[in-house]
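S.K.: If you scroll down you'll find the structure; I have some questions about it.
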Amino acid sequence: MAIAKHTVNGDQASGWYCYQCKFTTRDVELAAEHDGMKIRTEYIFPPIPSRQHDWLAIDDNTYDGPGSPMGTGPTEQAAIDALMESIELRRV
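Residue numbers for the sequence shown follow our numbering, beginning at 4 and rising by one.
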């Protein structure tokens, strides 16, 4: 498995955060220039009984609509992990 780039998650209101290096900033430009992706997560709470797809994660830098890599999961971290796995599978 290839080493994934750093993942930056968050928004301008709450700040950006990199899970790998613990980088934190509220500056959008610094976050975009950080080594890696700009992951956006969203709590979508779909109207279904299962809570397995409550969170959605996409890479804002490469998302281009349906067919683009995305991840879903019961937690924010699970959605990010699913996104990273989806991106990794596309590289193989």
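For each residue, glycine too, the CB sits at the ideal point set by N, CA and C.
1. Are there 16 or more other CB atoms within 10 angstroms of the CB of asparagine 12, so buried, or fewer, so exposed?
2. Which partner residues does isoleucine 42 have in the DSSP bridge list?
3. Nearest-angstrom Cα distance between glutamate 91 and aspartate 62?
4. Keeping to the same chain, check which residues put their C-beta closer than 8 Å to that of glutamate 88; ignore five residues upstream and five downstream.
5. Just confirm the distance between the C-beta atoms of arginine 54 and proline 72, as a whole number of angstroms; I'd bet it's less than 8 Å.
6. Can you give me the start and stop residues for the beta strand (DSSP E) that threonine 75 sits inside?
7. If we ignore side chains and look at the alpha-carbon of each, how far apart do tyrosine 20 and alanine 82 end up?
8. Under the rule that 16 or more other beta-carbon atoms within 10 Å means buried, what is alanine 2, buried or exposed?
9. Can you tell me the Cβ-Cβ gap for proline 49 and histidine 56, rounded? I've got them flagged as a contact below 8 Å.
M.R.: Taking the geometry as given:
1. buried
2. Asn12, Asp62
3. 13 Å
4. Gly74
5. The Cβ separation is near 22 Å, so there is no contact.
6. 73 to 76
7. 16 Å
8. Outside the displayed range of the chain (4 to 95) lies residue 2, so it cannot be described from this structure.
9. 6 Å
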